[in-house]
Amino acid sequence: MLMSQLYAPTLRETPAEAELVSHQLMLRAGLMRRSASGMYSFLPLGLRAVRKVEQIIREEMNAIMGQEVLMPIVQPAELWQESGRWDDYGDEMFRLKDRHSREFCLGPTHEELITALVRSEVRSYRQLPLRLYQIQNKYRDEIRPRFGLMRGREFIMKDMYSFDKDEEGLDESYWAAFHAYERIFRRCGLDARPVEADSGAIGGDVTHEFMVLAEAGEDAILYCTKCGYAANVERAEGVDQEKTAPAAEQKPLQEVATPQISTIAQVCAFLNKEPQDCIKTLIYLADGKPVAAMVRGDHNLNEIKLRKFLKCQVLELADEETIYKVSGAPVGFAGPVGLSVPLYADYAVKHVVNAVVGANKRDAHLLNANLDRDFTVTSFADLRETQPGDPCPRCQDVLQGARGIEVGQVFKLGTKYSEAMGATFLQENGVETPLIMGCYGIGVGRTVAAVIEKNHDEDGIIWPMSIAPYHVIIVPVSMEDPVQAEAARKLYADLLAAGVETVLDDRDERPGVKFKDADLIGFPIRVTIGPKSLEQGEMEITIRRSKEKSSLPMEQVVSEIQRILEGGDVK
Ligand code: ATP
Ligand code: MG
143 MLMSQLYAPT
153 LRETPAEAEL
163 VSHQLMLRAG
173 LMRRSASGMY
183 SFLPLGLRAV
193 RKVEQIIREE
203 MNAIMGQEVL
213 MPIVQPAELW
223 QESGRWDDYG
233 DEMFRLKDRH
243 SREFCLGPTH
253 EELITALVRS
263 EVRSYRQLPL
273 RLYQIQNKYR
283 DEIRPRFGLM
293 RGREFIMKDM
303 YSFDKDEEGL
313 DESYWAAFHA
323 YERIFRRCGL
333 DARPVEADSG
343 AIGGDVTHEF
353 MVLAEAGEDA
363 ILYCTKCGYA
373 ANVERAEGVD
383 QEKTAPAAEQ
393 KPLQEVATPQ
403 ISTIAQVCAF
413 LNKEPQDCIK
423 TLIYLADGKP
433 VAAMVRGDHN
443 LNEIKLRKFL
453 KCQVLELADE
463 ETIYKVSGAP
473 VGFAGPVGLS
483 VPLYADYAVK
493 HVVNAVVGAN
503 KRDAHLLNAN
513 LDRDFTVTSF
523 ADLRETQPGD
533 PCPRCQDVLQ
543 GARGIEVGQV
553 FKLGTKYSEA
563 MGATFLQENG
573 VETPLIMGCY
583 GIGVGRTVAA
593 VIEKNHDEDG
603 IIWPMSIAPY
613 HVIIVPVSME
623 DPVQAEAARK
633 LYADLLAAGV
643 ETVLDDRDER
653 PGVKFKDADL
663 IGFPIRVTIG
673 PKSLEQGEME
683 ITIRRSKEKS
693 SLPMEQVVSE
703 IQRILEGGDV
713 K
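Oh and the sequence shown: position 445 is 587 in the numbering used here, straight run, nothing missing.
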């Protein structure tokens, strides 16, 4: 490709719309342009990187017996009504009607469609296992589209679905996909760590997310350096710890006036207490019924854990009116003493002695509230958000915290969709059974963005060789000089003939401009052709990542580049 013809409009200035480095660089290097909030057009360079990631994914999916299909983006409402997700999916779903007023959505994911696809064809255990995947645009009307490709409303996803005859089969499919994901991200030059995760709206119980550790990540994860446990904060288990110190003496319960003081921070400042001396009592509606949940003052309640523990569909913080009805006080003064709704407490609440709690009365708190003496708890459970510094649930060592970008996720779905949608098969013994499913997603654009987020410097992108849009750029200092121009054209032809993806910067620009663009776009290898070195029959190779330069006899340049390419990446 000739640079004079390449449609890669680079920008000198950082676009105001972009917060994240990867997003800024993708715009500045001319990889893509925004068309609407969370929707992007890929320009040639961006698309080449995307296609390379897709190719790596394809190879690894095919290697685990995945077969590629392509399903429609537009999906009929009826299928989603069968699974029950037409209503559950909410505002994130783009919905539309056809000319006959029939309802459709733009696929945010394809469990329903694939289940409908196989239920009419798969009849017998002999047809299993079956692993089908596609690479296609998905649509989610995210509340906050941001960070460019990281959180778009239209984005490319690889989604694979597995169908097995039993749990063992599912286990095999799951781990085959899991290990394929490890290979895919490694080949893309990413270190993606699998973490235990929550399955959210998709369903199922066993699931891992693949996280690229980065400050810019939207997820918080916890991990243990000793035993390797790693989990999303949403999922990370808390430990029911034994009491360490002997319990302090219980003091008499006492009410204190706390005028307009309702948050833990305010209460602590006012009463000269520490947050861990307090117990927070939160009133929720679980499928419409009021319940109270308690965590220590320095802890946060994890609503996902509470919802799972209560096994309810909808969990929401109670409105002011309900709180008043339940506690007899406005928001901020609820407490466990005398409360008449079921009371669920996090394990850590067990060990708070002489706690500060709300008095169920406006502008009042209680000092020295003690479990069993002053209040009882319906049950204790792991309800709080686990945090860095907490003990590891597996080995009790200390958990570390980090931010992560979720580039992929694998789920064991079980029979959630096959049961709801009647996708069954005949087992060997003739019994009709629902298919056992798994699903496996990778965000293609998000993967490219994560690669850039982890591989750049102040001058621009540093592509891993495996997904670089092009491998080499040839930069003659001046195309006006016929000797340089000829040497550049010859090298260009030789590299193309050797199958090296090469761009020749044939523009009539100052060398500084050409070097800047080359660095910004991030070609892994640059060959500079200047008058002086040419006189000695040499050219200069610069490695983008290390900035290492070396001069080589002209006739060795192609073989040296081939040698570098064969070595895989340029570190
Ligand atoms: P998130 O928690 O980030 O919203 P998710 O868990 O809802 O993502 P999945 O349903 O697991 O996403 O989708 C599979 C993969 O698709 C994700 O791991 C992620 O890489 C990618 N992905 C999901 N939502 C988006 C989005 N809005 N923009 C870009 N990629 C996305
Ligand atoms: Mg996910």
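All C-beta atoms, glycine included, are put in the ideal place defined by N, C-alpha and C.
* Going along the chain, which residues put their C-beta within less than 6 Å of some heavy atom in the ligand MG? -> 351, 548 and 551
To test your reading of the DSSP string, which unbroken beta strand (DSSP E) runs of 3 or more residues are found completely within the region 181-230?
181-184, 208-210 and 216-218
inquiry  = According to DSSP, is residue 367 part of a helix, a strand, or is it coil?
reply    = Taking the sequence shown and counting its residues from 1, the one referred to as residue 367 is at position 225. In the structure shown, residue 367 sits in coil (DSSP, three-state: anything other than H, G, I, E or B).
query = For the ligand ADP, is there a heavy atom less than 8 Å away from the beta-carbon of residue 287?
reply = By its list of ligands, the structure shown excludes the ligand ADP, since it contains just the ligand ATP and the ligand MG.
Kindly examine the ligand ATP and report whether one of its heavy atoms sits closer than 8 Å to the Cβ of residue 360.
-> Residue 360 sits at position 218 when you count from the first residue of the sequence shown. Yes - the ligand ATP has a heavy atom lying nearer than 8 Å to the Cβ of residue 360.
Put residue 657 into one of helix, strand or coil per three-state DSSP. Residue numbering aside, residue 657 sits at position 515 when the sequence shown is read from its first letter. In this structure, residue 657 counts as helix in the three-state DSSP scheme.
- Query: Is the distance from the Cβ of residue 219 to the Cβ of residue 295 below 9 Å?
  - Reply: Looking up residue 219 in the sequence shown gives position 77. Looking up residue 295 in the sequence shown gives position 153. Taking 9 Å as the Cβ cut-off, residue 219 and residue 295 do not qualify as a contacting pair.
query: DSSP on residue 448, reduced to helix/strand/coil?
result: Position 306 of the sequence shown, counting from 1, holds the residue named residue 448. Residue 448: helix per DSSP, three-state reduction.
Have a look at 283, 292, 258 and 660 and flag the residue whose alpha-carbon is nearest the alpha-carbon of residue 164.
On the sequence shown, position 22 is the one that residue 164 refers to. The candidate whose alpha carbon is nearest that of residue 164 is 292.
### Message
Output needed for residue 443: all residues of its chain with C-beta closer than 8 Å, excluding positions within five of it in sequence on either side, in chain order.
### Response
Within the sequence shown, the letter at position 301 stands for residue 443. Within the same chain, residue 443 has close Cβ partners 422, 424, 435, 437, 488, 525, 526 and 527.
Residues sharing a beta bridge with residue 695, DSSP:
Locating residue 695 in the sequence shown gives position 553, where the first residue counts as 1. Answer by DSSP bridge pairing, in chain order: 680.
Look up residue 578 in the DSSP assignment and give the residues it is bridged to.
In the sequence shown, the residue the question calls residue 578 occupies position 436. The partner list for residue 578 (beta bridge, DSSP) reads 306.
Taking 8 Å as the cut-off, does the CB of residue 184 come closer than this to any heavy atom belonging to the ligand ATP?
Counting from one through the sequence shown, the residue named residue 184 turns up at place 42. Every heavy atom of the ligand ATP is 8 Å or more from the Cβ of residue 184, so no.
query: When we look at the beta-carbon of residue 654 and count the other beta-carbons within 10 Å, is it buried (16 or more) or exposed?
result: In the sequence shown, residue 654 corresponds to position 512, counting from 1. Answer is exposed; the Cβ neighbour count stays below 16.
Query raised in the report: For residue 679, which residues from the same chain have a beta carbon less than 7 Å from its beta carbon, with the 5 sequence-adjacent residues on both sides left out?
Result: As a working note, residue 679 is residue 537 in the sequence shown. Cβ neighbours of residue 679 beyond the five flanking positions: 695 and 696.
Query raised in the report: CB residue 180 to CB residue 284, shorter than 9 Å?
Result: By one-based count along the sequence shown, residue 180 stands at place 38. By one-based count along the sequence shown, residue 284 stands at place 142. Cβ distance < 9 Å, so residue 180 and residue 284 count as in contact.
Give me, in chain order, the residues of the same chain whose beta-carbon lies closer than 6 Å to that of residue 337; leave out the 5 immediate sequence neighbours on both sides. By 1-based counting over the sequence shown, the position of residue 337 is 195. 351, 353, 363, 372, 373 and 374.
For the pair the region 652-670 and the region 592-609, tell me if three or more CB-CB distances fall below 8 Å. yes
Report buried or exposed for residue 342, applying the criterion of at least 16 other Cβ atoms within 10 angstroms of its Cβ.
Mapped onto the sequence shown, residue 342 falls at position 200. With fewer than 16 Cβ atoms within 10 Å of its Cβ, residue 342 is classed as exposed.
Next item on the list: Please list, in chain order, all residues of the same chain as residue 143 whose beta carbon is under 6 Å from its beta carbon, the five residues on each side excluded.
Entry: In the sequence shown, the residue the question calls residue 143 occupies position 1. For residue 143, where only same-chain residues beyond five positions count, the Cβ hits under 6 Å are 645.
The ligand ATP heavy atom lying under 8 Å from the CB of residue 154
As a first step, residue 154 must be located in the sequence shown, where it is residue number 12. No, Cβ of residue 154 sits at least 8 Å from all heavy atoms of the ligand ATP.
Spell out the partners DSSP gives residue 650 in its beta bridges.
Within the sequence shown, residue 650 is the residue found at index 508, counting from 1. In the DSSP output, where bridge partners are listed per residue, residue 650 has none listed.
What is the DSSP secondary structure of residue 247, counted as helix, strand or coil? Indexing the sequence shown from 1 puts residue 247 at position 105. Residue 247: strand per DSSP, three-state reduction.
_Using only CA atoms, which one of 548, 638 and 707 lies nearest to residue 323?_
Indexing the sequence shown from 1 puts residue 323 at position 181. Selected option, being the one with the closest Cα: 548.
- Do you know how far the Cα of residue 301 is from the Cα of residue 146? The residue labelled residue 146 in the question sits at position 4 within the sequence shown. The residue labelled residue 301 in the question sits at position 159 within the sequence shown. Looking at the two C-alpha atoms, the distance is approximately 38 Å.
**Q.** Terminal residues of the alpha helix (DSSP H) in which residue 389 lies
**A.** Residue 389 sits at position 247 when you count from the first residue of the sequence shown. Element bounds for residue 389: n/a, residue is neither H nor E.
**OP:** Would you kindly work out how many angstroms separate the C-alpha atoms of residue 651 and residue 148, rounded to a whole number?
**Re:** On the sequence shown, residue 651 is found 509 positions in, with the first residue counted as 1. On the sequence shown, residue 148 is found 6 positions in, with the first residue counted as 1. Rounded to the nearest angstrom, the two C-alpha atoms are 15 Å apart.
Would residue 282 and residue 340 qualify as a contact pair, given that the criterion is a beta-carbon distance under 9 Å?
If you number the sequence shown from 1, residue 282 lands on position 140. If you number the sequence shown from 1, residue 340 lands on position 198. Their beta carbons are not under 9 Å apart, which means residue 282 does not touch residue 340 by this criterion.
- Can you give me the Cβ contacts of residue 629 inside the same chain, cut-off strictly under 8 Å, excluding the 5 residues immediately before and after it? Translated into the one-based positions of the sequence shown, residue 629 becomes position 487. Contacts found: 618, 671, 676, 681 and 696.
Under the three-state DSSP convention, the category residue 271 falls into
Residue mapping note: residue 271 aligns to position 129 of the sequence shown, counting from 1. Coil, per DSSP.
Residue 614 bridges to which residues according to DSSP?
-> Position 472 of the sequence shown, counted from the start, is the residue given in the question as residue 614. In the DSSP output, where bridge partners are listed per residue, residue 614 has 644 and 667.
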